[in-house]
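Student:
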Amino acid sequence: MTANARPRAATLPRLSPLREFLGQIVYGGNDGIVTTFAIVAGFAGAGAEGAASIGAGAVLLFGLANLFADAVAMGMGEYLSDRSQREVYRDQRRREMAALARDPAVSSAALAGDLGAAGMAAGDASAMAAILQRNPQMMAEMALHLRRGLADPGAGSPVGRALVTFLAFVGLGVIPILPYMLAAPSPATFAISVAATFGALVILGLLRWHATGERLARALGETVLVGTLCAAVAFGVGLAVGG
Numbered sequence: 184m185t186a187n188a189r190p191r192a193a194t195l196p197r198l199s200p201l202r203e204f205l206g207q208i209v210y211g212g213n214d215g216i217v218t219t220f221a222i223v224a225g226f227a228g229a230g231a232e233g234a235a236s237i238g239a240g241a242v243l244l245f246g247l248a249n250l251f252a253d254a255v256a257m258g259m260g261e262y263l264s265d266r267s268q269r270e271v272y273r274d275q276r277r278r279e280m281a282a283l284a285r286d287p288a289v290s291s292a293a294l295a296g297d298l299g300a301a302g303m304a305a306g307d308a309s310a311m312a313a314i315l316q317r318n319p320q321m322m323a324e325m326a327l328h329l330r331r332g333l334a335d336p337g338a339g340s341p342v343g344r345a346l347v348t349f350l351a352f353v354g355l356g357v358i359p360i361l362p363y364m365l366a367a368p369s370p371a372t373f374a375i376s377v378a379a380t381f382g383a384l385v386i387l388g389l390l391r392w393h394a395t396g397e398r399l400a401r402a403l404g405e406t407v408l409v410g411t412l413c414a415a416v417a418f419g420v421g422l423a424v425g426g
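For the sequence shown, the numbering used here begins at 184 and goes up steadily by one.
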């Protein structure tokens, strides 16, 4: 490197799509699996004979209608939630920047206090606040993070997050009813659906493990446990109503 060469700043690699949308994949996928299995479990819990008399067509009708209706609702809910979070953050950031413009000294002292409360030495906190004062937006974002725990939602698209939620819901949620596309409702078909549902939860747990790097046993265990509890509730309700 020459004397006049400027060192290149280290940059973090971009998050992979799996990591970027992990929340939407886990949330949408788990809800899709459990919601669709609830339809299947409801029929099975109400009694195999009753389910058989209704026929596979009815199970598929209820299952698919519920799958796509809930997937759209989940996607739209994610979109509205993301938009709302962004608007709240922008509004709070505008307020912080307005307060800084009105009285820079007070805002700088407040930020120095926040930095000190976070563990920074008093002198360093004051120096950092003075530096950040030159960039009002960055100072406002730092204040929001330290004082209110608010983080910038990022530059991702709400539409993209909504679409991922929808696709995760449908892609994993269809698995519990796949056996009913191939065979009539029966105890054996339900058993296959239970196994398929368990497999879908395992897939979701593996995706979570791959994206987060946490222990495999924990990622799988938590995902499968939560999904199993929800599925058991669905079956129990069907059993109670059918019984």
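C-beta: ideal position from N, C-alpha, C; glycine also.
Once DSSP output is grouped into helix, strand and coil, what is the label at Arg276?
Tutor: Helix at Arg276.
Student: Between Leu355 and Ala383, how many whole angstroms is the CB-CB distance? I'm expecting something under 8 Å.
Tutor: Indeed, because the Cβ distance is near 5 Å, the residues count as touching under 8 Å.
Student: Whole angstroms is fine: what's the gap from Leu216's alpha carbon to Leu244's?
Tutor: Sequence check: residue 216 is Ile here, not Leu. Going from the Cα of Ile216 to the Cα of Leu244 covers about 16 Å.
Student: Would you identify the three-state DSSP class for Phe204, choosing helix, strand or coil?
Tutor: Note: Phe204 maps to coil in three-state DSSP.
Student: Roughly how many angstroms separate the alpha carbons of Val377 and Pro359, rounded to a whole number?
Tutor: One C-alpha to the other measures close to 7 Å.
Student: Using the three-state DSSP reduction, which class does Arg269 fall into: helix, strand or coil?
Tutor: Three-state DSSP puts Arg269 in a helix.
Student: Is Met259 helix, strand or coil by DSSP?
Tutor: Of the three classes helix, strand and coil, the one that applies to Met259 here is helix, per DSSP.
Student: Take Pro368 as the anchor and find which of Gly206, Leu283, Gly225 has the nearest alpha-carbon.
Tutor: Comparing Cα positions, the closest option is Gly225.
Student: Can you tell me whether Met322 is helix, strand or coil according to DSSP?
Tutor: Helix, per DSSP.
Student: Ignore the nearest five residues each way along the sequence and tell me which others in Arg276's own chain have a CB closer than 8 Å to its CB.
Tutor: Closer than 8 Å at Cβ, skipping near neighbours: Gln320, Ala323, Glu324, Leu327.
Student: Take Met257 and list the residues in its own chain whose beta-carbon comes closer than 7 Å to its own, dropping the five residues that flank it on each side.
Tutor: If we look at Met257 and ignore the five residues flanking it on each side, its Cβ neighbours are Gly211, Asp214, Thr348, Phe349, Phe352.
Student: My understanding is that Val407 touches Val385, with C-beta atoms under 8 Å, so please give their C-beta distance in whole angstroms.
Tutor: Right, their Cβ atoms sit about 6 Å apart.
Student: Quick one: Cα of Ala400 to Cα of Gly302, how far?
Tutor: Going from the Cα of Ala400 to the Cα of Gly302 covers about 35 Å.
Student: Going by C-alpha to C-alpha distance, which of Ile222, Arg398, Asp265, Ala281 sits closest to Thr380?
Tutor: Comparing Cα-Cα distances from Thr380 to each of Ile222, Arg398, Asp265, Ala281, the minimum goes to Ile222.
Student: Using only CA atoms, which one of Glu203, Ala292, Val271, Glu261 lies nearest to Pro341?
Tutor: Comparing Cα positions, the closest option is Glu261.
Student: Taking Cβ positions, are Leu205 and Ala394 nearer each other than 7 Å?
Tutor: Contact flag set, yes.
Student: Can you tell which of Pro200, Arg202, Thr218 has its C-alpha closest to the C-alpha of Ala414?
Tutor: Comparing Cα positions, the closest option is Thr218.
Student: Need the endpoints of the alpha helix (DSSP H) that Gly388 sits in, please.
Tutor: Element bounds for Gly388: 370 to 395.
Student: Which value, in whole angstroms, describes the spacing of the CA atoms of Arg317 and Ala284?
Tutor: Cα to Cα, Arg317 sits roughly 11 Å from Ala284.
Student: Between the C-alpha atoms of Ala282 and Ala304, what's the straight-line distance to the nearest angstrom?
Tutor: Answer to the nearest angstrom: the Cα atoms are 25 Å apart.
Student: Does Leu333 come out as helix, strand or coil in the three-state DSSP assignment?
Tutor: In this structure, Leu333 counts as coil in the three-state DSSP scheme.
Student: Mind checking whether Arg330 and Asp297 have CB atoms under 7 Å apart?
Tutor: Result yes, Cβ atoms of Arg330 and Asp297 sit closer than 7 Å.
Student: Where do the ends of the alpha helix (DSSP H) carrying Ser290 lie?
Tutor: Segment 287 to 300, the alpha helix (DSSP H) holding Ser290.
Student: Report all residues from its chain with a CB closer than 8 Å to the CB of Ala402; omit the five preceding and five following residues, and keep chain order.
Tutor: These residues qualify, in order along the chain: Gly388, Leu389, Arg391, Trp392, Thr395.
Student: Look at the alpha carbon of Gly332 and the alpha carbon of Ala248, and state the distance between them as a whole number of angstroms.
Tutor: The straight-line gap from Cα to Cα measures roughly 40 Å.
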